[in-house]
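First up is the structure itself, then whatever we jot down about it.
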Amino acid sequence: MTALDLSSPVAVVGTGTMGQGIAQVALVAGHPVRLYDAVADRAREAAAAIGARLDRLVEKDRLTAAERDAARARLTPVDDLAGLAGCALVVEAVLERLDVKQELFRALEGIVGEDCLLATNTSSLSVTAIGGALRNPGRFVGLHFFNPAPLLPLVEVVSGFATDVTSATRAYETARVWGKTPVACADTPGFIVNRIARPFYAEAFAVYEAQGADPATIDAVLRESGGFRMGAFELTDLIGQDVNESVTHSVWQSFFQDVRFTPSLAQRRLVESGRLGRKTGQGWYDYRDGADRAEPHTAEKHQPPAYVVAEGDLGPASELLAMIREAGIQVREEEEDHGTRLVLPGEGQLALADGQTSVEFRDVVYFDLALDYRKATRIALSASQDTSPQALSEAIGLFQALGKDVSVIGDVPGMIVARTVARIVDLAHDAVAKGVATEEDIDTAMRLGVNYPLGPFEWSRRLGRSWACSLLDDLHQRDPSGRYAPSLALYRHSYATEKREGAS
Ligand SMILES: NC(=O)c1ccc[n+]([C@@H]2O[C@H](COP(=O)([O-])OP(=O)(O)OC[C@H]3O[C@@H](n4cnc5c(N)ncnc54)[C@H](O)[C@@H]3O)[C@@H](O)[C@H]2O)c1
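Residues in the sequence shown are numbered consecutively from 1, following this note's numbering.
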């Protein structure tokens, strides 16, 4: 099944933020595009706004003046839904309400031909439920664009329970011809991106709620150590706390209040108090004129230790040994069956975050996971009230000698990056096992949809597949609510890996 012919007309219903973006994409690809909005004149205004954006593309040399003129001539606002007769595809981007969308599609079925593909851009409603209102739900599909649609490449092509393969394939191929990167997914809450990204926000908020660190420190660690483009606090201030919370809430409700998706109390308080982020001048941060910029906690200079003793294998952090040597600090390696730690001269120990707390051991300082220890510019350390000042000081001095800023956070098991990545990896495995999407499409979706530096499966392969499961097991023992319980899929995966490794 091929993509829609570029000569066939495409309709966009609802010409707000998303409708305008989607219309621009279809138009620039070459289709004649018709716009309809329930509010009088809005489709005409949208056509003018799209025209102005095409002008800017010409100024930036991304479109020729002739191409712009031709595109403008292909764009038609219509005053009546009946004006969409003869379209080959209708993409709906109206109000996010099931009854409104169902009523619209019921009306459209009486207007467009039998072979017209019908698509919704819904973010949080069930494609199956919207399609349930149709006589022929087989031709109904989700086409979930991201905002701003002309710039962001990802499109989730969502098959509802009744969507036929031909329609899904046609929508997928059409998105590709439009220059997008489509991924196929099943109709489950949050589709791919909004489902698997939840822990990115939830774990940062949880560390904050546990008094582990302040937003500026958590954001800095996520960026400078985790390799994420933005931290969870600054990103939700940009998105809008109300918008971000409503996605979380909808995913949580749609999964029948699954504890893994529980919304954050701290975020609730922000929303209740009207601190919605940049748009209201205050969110997690203060954006008002003259407000102080919040800085992350960064430790003062400490002396590096003269040597460290490496016991066993540091796993995902093993690159640190070479870096420590290069910094002129002696590394004595000792074979230890069970050890995965660096012993410091004062007998304190440094261990990679593993889901346990520092207080459970004598003088253990945990360090957080980094995407790449060489490129990381900051490392978080966690210690308990019982950790000796010498152990903490030597640990800080060691990472400073490697050129890192050091943030000391509270004794939070799994720290910041490690628990976040482990949960993302877990949800990704769970999603594949539940038939939501393939590993490859999930990796693509998370890289393109939310700019993750690695897809969850790429990350999982780098970390060793039992790493996330073992960390979550430890977290689950310390918080038995079920929030951290590794999924059956992750268990299966890590045990299969262990067996394979044992056999080889
Ligand atoms: N904004 C985002 O970041 C984003 C991203 C992905 C998906 N979505 C989804 O896209 C859809 C639209 O979101 P938006 O942000 O563009 O909303 P918006 O409020 O900017 O625009 C909605 C438009 O739909 C019109 N409308 C409402 N009911 C209508 C009807 N019955 N018939 C015709 N037009 C009608 C409104 O007049 C308005 O112009 C929603 O389903 C939303 O969940 C939004």
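Idealized CB from N, CA, C, for every residue including glycine.
Fair warning: this is a prediction, and the values are worked out from it, not measured in the lab.
Leaving out five residues before and five after residue i in sequence, what residues of the same chain have Cβ atoms less than 7 angstroms from its Cβ?
i	result
Ala47	Leu35, Leu75 and Pro77
Leu104	Val13, Glu92 and Val94
Leu344	Pro305, Val308, Leu350, Ala391, Glu394 and Ala395
Phe145	Met18, Gly21, Ile22, Asn121 and Val155
Phe255	Pro189 and Phe261
Pro456	Ile196, Ile424, Val425, Ala428, Ile442, Asp443 and Met446
Gln102	Ile130 and Ala133
Ala107	Leu81
Glu548	Because residue 548 is not part of the residues shown, which for the chain are 1 to 504, the question remains open.
In whole angstroms, what is the alpha-carbon distance linking residue i and residue j?
i	j	result
Lys60	Leu448	23 angstroms
Ala23	Ala418	40 angstroms
Gln257	Arg170	34 angstroms
Asp164	Arg139	6 angstroms
Gly290	Pro215	19 angstroms
Leu320	Leu369	11 angstroms
Gly231	Asn147	19 angstroms
Arg176	Arg62	19 angstroms
Glu347	Ala496	37 angstroms
Gly274	Arg268	10 angstroms
Val271	Asn451	25 angstroms
Gln477	Ser167	46 angstroms
Glu360	Val412	12 angstroms
Tyr373	Ser318	9 angstroms
Leu4	Thr174	6 angstroms
Tyr201	Phe233	8 angstroms
Ala149	Ala26	10 angstroms
Gly68	Leu488	As written in the sequence, residue 68 is Arg, which differs from the Gly given in the question. If I take the Cα positions, the gap works out to 53 angstroms.
Asp99	Pro137	16 angstroms
Asp363	Glu333	20 angstroms
Gly113	Asp292	59 angstroms
Tyr366	Ala294	25 angstroms
Tell me whether the beta-carbon of residue i lies closer than 8 angstroms to the beta-carbon of residue j.
i	j	result
Gly464	Gly312	no
Ala71	Leu54	yes
Val243	Ser124	no
Asp426	Leu490	yes
Ala82	Ile50	no
Tyr172	Val158	no
Gln400	His297	no
Ala383	Ser225	no
Gly142	Ala29	no
Ala266	Phe205	yes
Cys116	Val10	no
Leu57	Val90	no
Thr420	Pro199	yes
Ser481	Val259	yes
Leu352	Gly414	no
Gln356	Asp474	yes
Give every residue of the same chain whose Cβ lies closer than 8 angstroms to the Cβ of residue i, excluding the five residues on either side of it in the sequence, and list them in chain order.
i	result
Ala437	Val183, Ala184, Cys185, Ala186, Ile192, Ala431 and Ala445
Arg135	Glu109
Ile239	Gly277
Ser407	Ala213, Thr217, Ala220, Val221, Pro296, His297, Thr298, Ala299, Arg378, Ile379, Ala380 and Leu381
Leu6	Ala29, Gly30, His31 and Val177
Gln211	Gly410
Taking residue i as the reference, give the member of the options with the closest Cα.
i	options	result
Ser466	Asp411, Asp354 and Ile409	Asp354
Gln241	Pro480, Lys279 and Arg260	Lys279
Tyr484	Arg461, Pro456, Ala496 and Ile424	Ile424
Thr236	Ala197, Gly435 and Pro189	Ala197
His493	Cys469, Asp474, Leu475 and Leu270	Cys469
Pro263	Glu347, Asp214 and Glu203	Glu203
Ala433	Glu209, Ala38, Glu333 and Pro486	Pro486
Gln511	Leu371, Ala310 and Arg461	In the structure as shown, the chain begins at 1 and stops at 504. Residue 511 is therefore absent and cannot be evaluated.
Leu371	Pro453, Leu398 and Glu334	Pro453
Glu458	Ala40, Phe367 and Ala422	Ala422
Asp79	Ala40, Tyr285 and Thr340	Ala40
Arg97	Pro137, Gln253 and Ser126	Ser126
Val33	Gln253, Thr2 and Ala73	Ala73
Can you list, in chain order, the residues of its chain whose CB lies under 6 angstroms from that of residue i, leaving out five sequence neighbours each side?
i	result
Thr128	Gly160, Phe161 and Asp187
Tyr287	Arg278 and Gly281
Leu402	Met323 and Ala327
Pro153	Lys180, Thr181 and Leu448
Thr15	Leu35, Asp37, Arg42, Ala43 and Ala46
Ser8	Ala88
Legend entry - Unbroken stretches of the alpha helix (DSSP H), 4 residues or longer, contained in the region 392–457: Complete alpha helix (DSSP H) runs here, min 4: 417–433 and 439–450.
Legend entry - Inside the region 84–166 only - alpha helix (DSSP H) runs reaching at least 4 residues: Counting whole runs of 4 or more residues, the region 84–166 contains the alpha helix (DSSP H) stretches 98–109 and 127–131.
Inset, instruction - Could you pull out every unbroken beta strand (DSSP E) segment of at least 3 residues lying fully inside the region 48–84, listed in chain order? - result: Counting whole runs of 3 or more residues, the region 48–84 contains the beta strand (DSSP E) stretches 75–77.
Inset, instruction - Identify every run of the beta strand (DSSP E) within the region 257–318, keeping only runs that are complete inside it and at least 3 residues long; order them along the chain. - result: Runs of the beta strand (DSSP E) lying entirely within the region 257–318 and spanning at least 3 residues, in chain order: 307–312.
Legend entry - Within the region 345–391, ranges of the beta strand (DSSP E) (whole runs, at least 3 residues): The qualifying runs are 349–352, 364–367 and 378–382.
Inset, instruction - Tell me the start and end of each unbroken alpha helix (DSSP H) in the region 179–216 that is at least 4 residues and wholly inside, in chain order. - result: Within the region 179–216, complete alpha helix (DSSP H) segments of at least 4 residues are found at 193–196 and 198–209, given in chain order.
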